[in-house]
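Q: First the structure, then my questions, so here it is.
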Amino acid sequence: MSDSPAGRWPGDDQTADDQTADGAPRRVVGTPPPGRSLLGDGAADVPAAPPRELPSDPEDLPSAKRAERVVAACFMVAFLAGLAFIVAYFVFPVHTLDGVARSNLGLGLSMSLVFLGLAAGTTIWVRRLMPDVELTEARKPLRSSEEDRAAFEQTFEEGADASQFVKRPLIRRTLIAASLPALAAPILLLRDLGPLPRKDLTFTVWRPGLRLLKADANTPVTPGSFSSPGSMITVVPDGYQDKFDALAKAAVIIIKFAPGQVEYTNADHPVPGKVVANWTVDNIVAYSKICTHVGCPAALYEQTTHHILCPCHQSTFDATRGAAVIFGPATRPLPQLPMTVDAKGFLVARHDFTEPVGPSYWERP
Amino acid sequence: MTTSRAIAGTGNWLDERFRGAKGMRTFFRKIFPDHWTFLLGEIALYSFVILLLSGTFLALWFKPSMTEIVYHGSYIKFHNMRMSEAYASTLNISFDVRGGLLVRQIHHWAADLFVGAILAHMLRIFFTGAYRKPREVNWLIGVTLLTLALIEGLFGYSLPDDLLSGAGLRITQGVLQSVPIVGTYASFFLFGGQYPGQLIIPRMYIMHVLLIPGLFLALIGAHLFIMFHQKHTQVPGKGRTNTNVVGAPMYPYFMAKTGAFFLFTFAAVAIAATFVQINPIWIYGPYNPIAISSGSQPDFYMGFLEGSLRIMPAWQWVVFGHTFAFNVFGPALLIPGFIFTSAAVWPFIEQWITGDKREHHVIERPRNAPTRTALGMAMVAFYGVLWLEGANDVLSQHLDVSLYTITEIARWSIFVVPIITYIITKRICLGLQHKDQHLLEHGVETGIIVQRPSGEFVEITRPLSEEARAKIVRPEPLALPSGAEEPVPPPAMRRTVGRVKARLNKVLAESVPMNGHGNGAHPDGEHAAIGPGDGGDS
């Protein structure tokens, strides 16, 4: 790759006195060495290099000179921005929102400029300084030559024969048999990833007499807790306020209606389109907050229409008609929690939900 | 040329040990064709590098633990609040580690860019037919990478255990639970019991930082190796054939260009991370299964799944006493399954229909494969409707249209829009082919009108340059003859499968016929397109 056909080490005095191979005059001490091959030593009879494919300079040299300055300017921007990054790291304290915002701006801006300066500089360098080239490389068909394929086939068959694998079915079959139980091991070892579902999804922690607590205040609820009909309160089972596994199924919303708004049934079990009257207290109805679609909290309640909306996929339930689905992908109403009041007048569960809450699953009864 | 002593010494040292001179010379002179669309894959690659770097930094502080603690850190608003260690450590990275917020935002932006670039890159590959033989394996690797990227992204944004990502995780669990037969078990095994449990974050963490990135590294390595070994495709042009590669060499051109492009990608991500806030988890608050923020949107690449769930009517069936929640299983798993599977098998279907077993290294302009382009656009439209439906609440708010109306429209659009898109795209492609054909046959209109001695006015046209002609000419038919058009078709083509194949072959091959290669333009306007037979459109 060297222009000099016989690049040498010019390091020691003896070789420094030699003439270069292309007949250049003897090197004067202190001037640059005449050439050195990339791969160094032992270059007494290096074959002639192939003809040059890349020009060494661009055609428009004055323009390249200008471009060189632009590239250098870009790199200087990157250099200064790099310094600014180091300064910003020490100058801007964090720990507060404003501090973090300033630090983020300082560090981010300087970091962006480092990359931008380097990227722009390099791009201009390639486009304006490096000479334009377009080379063509031959593309061989990907399919191997017939000889190579035949040779490979033979090699493969020779190996198969020598291994005796084909000839000795006893070894082959026992080897396959031996590997089968071992292959099951990784699957078996994953068995303890979790317990079997059993009936865990069919019940929640609600039990007779368990108080309903306001979710954020952790205070029990009385029928008088509602200032007016129409509002919705999220409640959780007493004692499970911080138990996420329990809350993910047991979260409940209670809604107070004006008299006559609710379509009741006197049955003691859920009836489509109806609210079980016996499970309500003073026109207060309790529904599971866990959407029957994929389990998001159905948290939006529109007072004027009595619609409960799940913000995830917009399943919409009619609160006055037993949370019947009126739009969206959910297929089942939000289950109603049977409710009553205890001796002190607080809202409590009458018993657990009569059906599994939350999203559908294969084993759901 | 002089080489510095240090490089010469190192080169010699290495070559005496590895005999690398020949191989490295070939490597340095490897030719890379150039086109701006080839950069899309590079953006994906470089965002991945950024993700590895920034992710490693974040992992130095992040605690993948659901253990509940009481917060006493820098964000005073949350003092004495109970939260998981995962959430608290993410707050810590954001507020107490200098550059922590910046790197968090870089990581998140790079993830969005990663998926976006993969999608754009895949569309480029599809619409130019670059997946054709011999590149089918790389196409399959690409589809796998996209699928993995979606899962990796989902796990990644779920890790901070904030209220927004918690909703995503809850949806994931609900979807898993909807799978027939094994769903409930899969959910209990993944979560270590009931939702949410104590294990999902450490489990997602190890998949997010080790398992999936390991797969990424292996598959990206294979992807690049195959690309390198098979050599890059090139766009049509003068002197570019299926048996050569035309472009600039690896060293120094491609190295410098791609290095600069890496820096540009990093700069773009850094600028976004500096100026555009993303995933401010301290605004959402810690996760709590009974709360949710309304109007919350997932990252853009999950939008189509969100829309798919939203668009679905409430269809659920009881099968042999079991609940089959098709309203969840269908949109969340079957639809993405349909999209990814049809992408994966398409190259093989096309090959079967066209009977084309040739190697292709010159890519096609999308217009030159009208049916493929139309099918691709129909799929884009299908995805687009789902994606828009995923933002139906945002649309409803901005357009002041009822949420339910938008969903109803989307339920029709999901069928109608792809069909219309198919028809329109095909017409556009054929129209563009006509235009190209006209250019080839009659050359470029110069705007100069001359009067013939006969009194006739004609416009002078200029022949296309060789370069321009090489870009337009379609060298190969889209499909090989299926044999069905012969007077006596082979027996296989007379059976039902054969007849279907022949029909599809005809549809895929549909193109404006190339009337020879034309003999260029006619400067004297002798045969300029003025005759009634030529359409008289000049």
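Which chain is which? The protein sequence lines are A and B, in order.
Going by numbering that gives the first Met the number 0, the first residue of the first sequence is number 0, and it counts up by one from there.
Going by numbering that gives the first Met the number 0, the first residue of the second sequence is number 0, and it counts up by one from there.
A virtual CB, placed ideally from N, CA and C, is assigned to each residue, including glycine.
(1) What in chain A is Cβ-close to residue 195 (chain B), meaning under 8 angstroms?
(2) Since residue 314 (chain A) sits in a beta bridge, which residues does DSSP pair it with?
(3) Have a look at B:237, B:260 and B:285 and flag the residue whose alpha-carbon is nearest the alpha-carbon of residue 243 (chain A).
(4) Out of A:89, A:114, A:112 and A:113, state which residue places its alpha-carbon closest to the alpha-carbon of residue 102 (chain A).
(5) What do you get for residue 548 (chain B), buried or exposed, if any count of 16 or more other CB atoms within 10 angstroms of its CB means buried?
(6) Short check: CB of residue 500 (chain B) to CB of residue 352 (chain B), under 8 angstroms?
(7) Taking the CB atoms as reference points, tell me whether residue 324 (chain B) and residue 308 (chain B) lie closer together than 8 angstroms.
(8) Whole angstroms are fine: how far does the CA of residue 120 (chain A) sit from the CA of residue 79 (chain A)?
(9) Which same chain residues end up closer than 8 angstroms to residue 64 (chain A) when comparing Cβ atoms and leaving out the 5 residues on each side of it in sequence?
(10) On the DSSP letters alone, give me the boundaries of the beta strand (DSSP E) that residue 450 (chain B) sits inside.
(11) Between the alpha carbons of residue 367 (chain B) and residue 247 (chain B), how many angstroms are there, rounded?
(12) Who are the near neighbours of residue 356 (chain A) in its chain, counting only those whose CB is closer than 7 angstroms to its CB and skipping five residues on each side?
(13) Who are the neighbours of residue 110 (chain A) on chain B, taking C-beta pairs under 7 angstroms?
(14) Counting only Cβ-Cβ distances shorter than 7 angstroms, please list the residues of the stretch 29-45 of chain B near chain A, keeping chain order.
(15) When you compare the CB positions of residue 262 (chain B) and residue 150 (chain A), do they come within less than 8 angstroms of one another, or not?
(16) Closer than 7 angstroms, Cβ to any Cβ of chain B: which residues of the stretch 349-360 of chain A, in chain order?
(17) Across the stretch 167-184 of chain B and the stretch 60-75 of chain B, are there enough close Cβ pairs to call them in contact, namely three or more that are closer than 8 angstroms?
(18) Which residue wins for smallest C-alpha separation from residue 406 (chain B), given the options B:199, B:147, B:312 and B:204?
(19) Taking the CB atoms as reference points, tell me whether residue 46 (chain B) and residue 154 (chain B) lie closer together than 8 angstroms.
(20) Measuring only the C-alpha atoms, how far is residue 55 (chain A) from residue 30 (chain B)?
(21) Residues of chain B with CB under 7 angstroms from residue 196 (chain A), in chain order?
(22) Which residues mark the beginning and the end of the alpha helix (DSSP H) in which residue 233 (chain A) is found?
(23) Roughly how far, in whole angstroms, is the beta-carbon of residue 335 (chain B) from the beta-carbon of residue 428 (chain B), given that I think they are within contact range, below 8 angstroms?
(24) Leaving out the 5 sequence neighbours to the left and right, which residues in its chain are closer than 8 angstroms to residue 275 (chain A) when beta-carbon positions are compared?
(25) Below 8 angstroms on the Cβ atoms is my contact criterion, and I expect residue 188 (chain B) with residue 196 (chain B) to pass it. Report the Cβ-Cβ distance as a whole number of Å.
(26) With a threshold of 8 angstroms between beta carbons, is residue 81 (chain B) in contact with chain A?
(27) Which word fits residue 32 (chain B), buried or exposed, when buried means at least 16 other C-beta atoms lie within 10 angstroms of its C-beta?
(28) Could you compute how far the alpha carbon of residue 278 (chain A) sits from the alpha carbon of residue 344 (chain A)?
(29) Where do the N-terminal and C-terminal ends of the alpha helix (DSSP H) with residue 202 (chain A) fall, by residue?
(30) Taking 8 angstroms as the cut-off, decide whether the C-beta atoms of residue 296 (chain B) and residue 390 (chain B) are in contact.
(31) How would you list, in chain order, the residues of chain B whose beta-carbon sits under 7 angstroms from the beta-carbon of residue 94 (chain A)?
(32) Measuring alpha carbon to alpha carbon, tell me which residue in A:143, A:254, A:319 and A:219 is nearest residue 272 (chain A).
(33) Pick from A:252, A:310 and A:281: whose alpha carbon is nearest that of residue 260 (chain A)?
(34) For the stretch 299-345 of chain B, which segments carrying the beta strand (DSSP E) assignment without a break, of at least 3 residues, lie completely within its bounds, in sequence order?
(35) Check residue 286 (chain B) in the structure and name its three-state DSSP category.
(36) Okay, do the stretch 419-436 of chain B and the stretch 339-354 of chain A touch, 3+ Cβ pairs below 8 angstroms being the bar?
A: Taking the geometry as given:
(1) Start at 1 with the first residue of the second sequence, and residue 195 (chain B) comes out as number 196. Per Cβ cutoff of 8 angstroms: 243, 244 and 247.
(2) In the first sequence, the residue the question calls residue 314 (chain A) occupies position 315. According to DSSP, residue 314 (chain A) shares a beta bridge with no other residue.
(3) Numbered from its first residue, the first sequence carries residue 243 (chain A) at position 244. For the residues B:237, B:260 and B:285, the minimum Cα distance to residue 243 (chain A) belongs to B:285.
(4) The sequence position of residue 102 (chain A) within the first sequence is 103, counting from 1. The shortest C-alpha separation from residue 102 (chain A) is found at A:89.
(5) Only positions 0 to 537 of chain B appear in this structure, which leaves residue 548 (chain B) out of reach.
(6) Taking the first residue of the second sequence as position 1, residue 500 (chain B) is located at position 501. Taking the first residue of the second sequence as position 1, residue 352 (chain B) is located at position 353. Yes, Cβ-Cβ distance for residue 500 (chain B) and residue 352 (chain B) is below 8 angstroms.
(7) For the purposes of this step, residue 324 (chain B) is identified with residue 325 of the second sequence, where counting begins at 1. For the purposes of this step, residue 308 (chain B) is identified with residue 309 of the second sequence, where counting begins at 1. No, they are not a contact pair.
(8) Counted from its first residue, the first sequence places residue 79 (chain A) at position 80. Counted from its first residue, the first sequence places residue 120 (chain A) at position 121. Going from the Cα of residue 79 (chain A) to the Cα of residue 120 (chain A) covers about 14 angstroms.
(9) Along the first sequence, one-based indexing puts residue 64 (chain A) at 65. So the list is empty, once near-sequence residues are dropped.
(10) Here residue 450 (chain B) corresponds to residue number 451 of the second sequence, with the count starting at 1. Residues 443-450.
(11) The sequence position of residue 367 (chain B) within the second sequence is 368, counting from 1. The sequence position of residue 247 (chain B) within the second sequence is 248, counting from 1. The straight-line gap from Cα to Cα measures roughly 27 angstroms.
(12) Here residue 356 (chain A) is taken as the residue at index 357 of the first sequence, counted from 1. Same-chain partners within the cutoff: 203, 248, 287, 289 and 334.
(13) As a working note, residue 110 (chain A) is residue 111 in the first sequence. 269, listed in chain order.
(14) 30
(15) Numbered from 1 along the second sequence, position 263 holds the residue referred to as residue 262 (chain B). Numbered from 1 along the first sequence, position 151 holds the residue referred to as residue 150 (chain A). Their beta carbons are not under 8 angstroms apart, which means residue 262 (chain B) does not touch residue 150 (chain A) by this criterion.
(16) Those residues of the stretch 349-360 of chain A that come within reach of chain B (Cβ to Cβ, closer than 7 angstroms) are 358, 359 and 360.
(17) no
(18) Residue mapping note: residue 406 (chain B) aligns to position 407 of the second sequence, counting from 1. Nearest C-alpha to residue 406 (chain B): B:312.
(19) In the second sequence, the residue the question calls residue 46 (chain B) occupies position 47. In the second sequence, the residue the question calls residue 154 (chain B) occupies position 155. No, the pair does not count as a contact, with Cβ atoms beyond the cut-off.
(20) Taking the first sequence and counting its residues from 1, one reaches residue 55 (chain A) at position 56. Taking the second sequence and counting its residues from 1, one reaches residue 30 (chain B) at position 31. Spanning the two alpha carbons is a distance of roughly 18 angstroms.
(21) For the purposes of this step, residue 196 (chain A) is taken as the residue at position 197 of the first sequence. The answer, in chain order, is 183, 184 and 187.
(22) Walking along the first sequence from the start, residue 233 (chain A) turns up at place 234. Premise fails: residue 233 (chain A) lies in the beta strand (DSSP E), 231-236, not in any alpha helix (DSSP H).
(23) The residue given as residue 335 (chain B) occupies position 336 in the second sequence. The residue given as residue 428 (chain B) occupies position 429 in the second sequence. Contact flag wrong, Cβ pair sits at about 28 angstroms.
(24) Looking up residue 275 (chain A) in the first sequence gives position 276. If we look at residue 275 (chain A) and ignore the five residues flanking it on each side, its Cβ neighbours are 263, 264, 266, 267, 268, 269, 321, 335 and 337.
(25) In the second sequence, residue 188 (chain B) corresponds to position 189, counting from 1. In the second sequence, residue 196 (chain B) corresponds to position 197, counting from 1. Actually they are not in contact, since the Cβ atoms of residue 188 (chain B) and residue 196 (chain B) sit about 11 angstroms apart, beyond 8 angstroms.
(26) Residue mapping note: residue 81 (chain B) aligns to position 82 of the second sequence, counting from 1. With 8 angstroms as the cut-off, residue 81 (chain B) counts as an interface residue toward chain A.
(27) As a working mapping, residue 32 (chain B) is identified with position 33 in the second sequence. Around the Cβ of residue 32 (chain B), a 10 Å sphere holds 16 or more other Cβ atoms; the residue is buried.
(28) Residue mapping note: residue 278 (chain A) aligns to position 279 of the first sequence, counting from 1. Residue mapping note: residue 344 (chain A) aligns to position 345 of the first sequence, counting from 1. One C-alpha to the other measures close to 15 angstroms.
(29) Here the question's residue 202 (chain A) lines up with position 203 in the first sequence. Careful: residue 202 (chain A) lies outside any alpha helix (DSSP H) and carries neither H nor E.
(30) On the second sequence, residue 296 (chain B) is found 297 positions in, with the first residue counted as 1. On the second sequence, residue 390 (chain B) is found 391 positions in, with the first residue counted as 1. Yes, they are a contact pair.
(31) Start at 1 with the first residue of the first sequence, and residue 94 (chain A) comes out as number 95. Near residue 94 (chain A) (Cβ distances below 7 angstroms), the residues of chain B are 73, 94 and 95.
(32) For the purposes of this step, residue 272 (chain A) is taken as residue 273 along the first sequence, with counting starting at 1. Of the listed residues, the one whose Cα sits closest to residue 272 (chain A) is A:319.
(33) Residue mapping note: residue 260 (chain A) aligns to position 261 of the first sequence, counting from 1. Here the closest residue by C-alpha is A:281.
(34) 316-318 and 321-323
(35) By 1-based counting over the second sequence, the position of residue 286 (chain B) is 287. Note: residue 286 (chain B) maps to coil in three-state DSSP.
(36) no
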